[in-house]
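Single-structure report; data block below.
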Amino acid sequence: MKNKELLSKNETIRVRMAPSPTGSLHVGTARAALFNYLFAKHYDGTFILRIEDTDTERSDEKWEKDIIEGLSWLQIEWDEGPGKKGTYGPYRQSERIKEGIYTKYIEKMLEEGSAFYCWHTKEELQKERENQQEKKEAPRHLCGYRDLHTTDEEKIKQSIIRFKNETTGPVEFYDFVRGEVSFDGENLGDFSIAKSINEPLYNFAVVVDDYEMKVSHVIRGEDHISNTPRQIVLQKALKFDIPKFIHLPLILGTDKSKLSKRHGATSVGEYKDMGYLSEALFNFLSLLGWRPSEDEKELMPKDEIIKEFTVERIQQAGAVFDVEKLSWMNGQYIRNLSTEELATKCMPYFIDKNLIEIKNPKENISDAKFKIPGLGTERDFEWFKGVVAMEQERIKKLDEITGVTEFLLKDIDYEKSLLVWKDMSVEELKKILSDLNVILEEIPKENWNKENLREIIMPKAELTGSRGKMLWPLRVALSGKKASPGPFEIMEVIGKEESLNRVTQAHKKLV
RNA sequence: GGCCCCAUCGUCUAGUCUGGCCUAGGACGCCAGGUUUUCAUCCUGGUAACACGGGUUCAAAUCCCGUUGGGGUCACCA
Numbered sequence: 072m073k074n075k076e077l078l079s080k081n082e083t084i085r086v087r088m089a090p091s092p093t094g095s096l097h098v099g100t101a102r103a104a105l106f107n108y109l110f111a112k113h114y115d116g117t118f119i120l121r122i123e124d125t126d127t128e129r130s131d132e133k134w135e136k137d138i139i140e141g142l143s144w145l146q147i148e149w150d151e152g153p154g155k156k157g158t159y160g161p162y163r164q165s166e167r168i169k170e171g172i173y174t175k176y177i178e179k180m181l182e183e184g185s186a187f188y189c190w191h192t193k194e195e196l197q198k199e200r201e202n203q204q205e206k207k208e209a210p211r212h213l214c215g216y217r218d219l220h221t222t223d224e225e226k227i228k229q230s231i232i233r234f235k236n237e238t239t240g241p242v243e244f245y246d247f248v249r250g251e252v253s254f255d256g257e258n259l260g261d262f263s264i265a266k267s268i269n270e271p272l273y274n275f276a277v278v279v280d281d282y283e284m285k286v287s288h289v290i291r292g293e294d295h296i297s298n299t300p301r302q303i304v305l306q307k308a309l310k311f312d313i314p315k316f317i318h319l320p321l322i323l324g325t326d327k328s329k330l331s332k333r334h335g336a337t338s339v340g341e342y343k344d345m346g347y348l349s350e351a352l353f354n355f356l357s358l359l360g361w362r363p364s365e366d367e368k369e370l371m372p373k374d375e376i377i378k379e380f381t382v383e384r385i386q387q388a389g390a391v392f393d394v395e396k397l398s399w400m401n402g403q404y405i406r407n408l409s410t411e412e413l414a415t416k417c418m419p420y421f422i423d424k425n426l427i428e429i430k431n432p433k434e435n436i437s438d439a440k441f442k443i444p445g446l447g448t449e450r451d452f453e454w455f456k457g458v459v460a461m462e463q464e465r466i467k468k469l470d471e472i473t474g475v476t477e478f479l480l481k482d483i484d485y486e487k488s489l490l491v492w493k494d495m496s497v498e499e500l501k502k503i504l505s506d507l508n509v510i511l512e513e514i515p516k517e518n519w520n521k522e523n524l525r526e527i528i529m530p531k532a533e534l535t536g537s538r539g540k541m542l543w544p545l546r547v548a549l550s551g552k553k554a555s556p557g558p559f560e561i562m563e564v565i566g567k568e569e570s571l572n573r574v575t576q577a578h579k580k581l582v
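Letter by letter, the first sequence follows residues 72 to 582 of our numbering.
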């Protein structure tokens, strides 16, 4: 009897994410991990991370490392798994193989006759499938060796182990986002479960591990839905409890197909490098295929998402990964950061671009001194905070910070026509710039901050009749750009000497 | 092709289970206006959707059937 209760009485909630380390952490994988995590945290359950590296050819430790780092960065924390104490043996399938966990069950099935050796060649299998395609039948292997149970060592060596599928009629299960799902059991064929007695394959390893680890709910991407009947049939053969299933809608690219490389960045690491904040990605991913009860609420911290999370509000249709919206959300998170945090997070981008050099790297970041290669000056972290604060409202990704502040740290160049505000004459412009030179010169260094500068310059600007007449050329002289932060902020950051220098340069351009 | 899943603005979605409050709401994007020396932020307004066809009903985005469309999956990968 299928159980339609999401939570049975006294049930211990145990969920798991089981990535295979064959590539960097995909956002789809991260989203599945996230939903498992949210489910576990919401119901006070246990979230397990299990590494499915049975495919030794394709698995690599570096990918496992990438996956673990990515999940940690996103603050999706597991309770059991790599780096944590486990109560049910190791959490890496390669290690579980060594412990003979799967072998035990494979032998049992072989003995009972629910599994058998099949030595059909790949060519033979291929041919069988082609024939079935032609006859418009379900492609599957119906093995003629299923009752032979050979003991011939030579044959066994060339064989794989298959499940002897004797299911007739439908295999049904209740999916908590899709409802009743039914597959024709006969169409499953005699599917493979292990390459040899010590080499389990995916569907079999999953079933054994989920059982041994007492997994209560299987939450995974919809692309696994067709594996579900195979796993159920195995669970029945092994007399295991059948977990509850929750299949998540897929994350799609802009063309509505499963998100993949050709759509652009797909790995968590790439988004991290581009300067997306983990909190923003976490928030964004949670909203891909899920919604809180108050639809209006989109910007939500982790705790609130956990509190709000319920599986009945998971979508059924796939969700397009909209980078535009992620960027907007990231901008919101950037604006909520303290300048100190933002500056710290931005630092690596400046160093990568050689815009700053830390002179005393061993010191705490807030005590650090920087050298600015472009200007040859030395500054400290307080000053760096000023640089970053200036652009905090303007950037959506951390990596934009370097491009947008480069003019502060390097010599600038621009067309002199840019200095002209509306239809003012060159003579007027020259006058204003030399006036500015005098005004700035008179401001003592110790009073050189944006508040004071504003207080002194604004009244003078008003006197020109239209303050843009003074403020625009000043700003262009300082930034060399038609769009930039305001002149007072810029002057504070680059200092009196450089400010005067830039105003003088502007004046020279006009002669 | 077999099997399975899905279907509200360009995108994420609310509303669907428990038909009427929906002349379909919000957010991103886009457009316009305001604020500002510029850009950004911010504020205001606008743009835009129930795939189609049949039923059922006094009443359907909501229930039923069909069609179309999209997607996933069919390994000695996971």
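We put the beta carbon where it would ideally sit given N, CA and C, even for glycine. If you're wondering where the values come from, they're calculated on a predicted model, not measured in any experiment.
Assigned with DSSP and collapsed to three states, Trp399 falls in helix. Closest in alpha carbon position to Val304, among Gly324, Phe275, Leu321 and Glu283, is Phe275. In the three-state reduction of the DSSP assignment, Val582 falls in the coil class.
The alpha-carbon of Ser253 is positioned some 45 Å away from that of Lys467. Between Phe452 and Ala460, the C-beta spacing is not below 7 Å. For the pair of segments examined, the region 403 to 421 was found to touch the region 467 to 481: the number of CB pairs separated by less than 8 Å reaches three. When beta bridges are read from the DSSP output, Leu319 appears opposite Gly292. For Ser570, the three-state secondary structure derived from DSSP is helix. Under the Cβ criterion (8 Å, minimum of three pairs), the region 425 to 438 does not count as touching the region 532 to 551.
Within a 10 Å sphere around the beta-carbon of Gly152 sit 16 or more other beta-carbons, which makes this residue buried. If you draw a straight line from the Cα of Pro363 to the Cα of Lys133, it is about 36 Å long. With contacts defined by Cβ atoms closer than 7 Å, Ser165 and Asp126 do not form a contacting pair. For Arg450, the enclosing beta strand (DSSP E) has its first and last residue at Thr448 to Asp451.
As a beta-bridge residue in DSSP terms, Tyr245 pairs with Glu251. Runs of the alpha helix (DSSP H) spanning 4 or more residues and lying entirely within the region 146 to 234 occur at 164 to 169, 172 to 183, 193 to 205 and 224 to 228, in chain order.
In this structure Glu369 is in contact with Leu358, their Cβ atoms being roughly 6 Å apart against a cut-off of 8 Å.
DSSP lists Ser338 as the bridge partner or partners of His97.
Nearest to Ser331 by alpha-carbon distance, out of Ile377, Gly94, Arg217 and Thr575, is Gly94. Take the alpha-carbon of Ser496 and the one of Leu545: they are about 15 Å apart. Under the DSSP definition of a beta bridge, Pro271 partners with Ala265. Taking C-alpha positions only, Glu243 is separated from Phe316 by approximately 11 Å. Proximity to Asp280 across Tyr176, Lys516, Glu522 and Lys75 peaks at Tyr176, based on C-alpha coordinates. Shortest Cα-Cα distance from Ile561 to any of Lys502, Leu480, Phe247 and Gly324 involves Leu480. For Phe118, the uninterrupted beta strand (DSSP E) run begins and ends at Thr117 to Leu120, by DSSP. Bridge pairing for Met495: absent [DSSP].
Inter-segment contact for the region 259 to 275 and the region 338 to 356 is absent: fewer than three beta-carbon pairs are separated by less than 8 Å. For Met88, the enclosing beta strand (DSSP E) covers residues Arg85 to Met88. Going by C-alpha positions, Arg249 is about 21 Å away from Asp366.
Secondary structure note for Phe441: its beta strand (DSSP E) is the uninterrupted segment Lys440 to Ile443. Residue pairing for Ala390: DSSP places it in a beta bridge opposite Ile322. Closest option to Gly260, judged by alpha-carbon separation, among His295, His212 and Ser230: His212. For Phe478, the CB contacts under 8 Å within the same chain, skipping 5 residues up- and downstream, are Ser550, Gly551, Lys552 and Ser555 in chain order. Setting aside the 5 residues that flank it on each side, Asn401 is surrounded in the same chain by Tyr347, Leu348, Ala351, Lys467 and Lys468, each with a C-beta closer than 7 Å to its C-beta; the list follows chain order.
Taken through DSSP and simplified to helix, strand or coil, Trp361 comes out as strand.
Annotation for Trp492: Gly539, Lys540, Trp543 and Pro544 place their beta carbon closer than 7 Å to its own, counting only its chain and skipping 5 residues before and after. When C-alpha distances from Lys579 are compared across Leu490, His220 and Trp519, the shortest belongs to Leu490.
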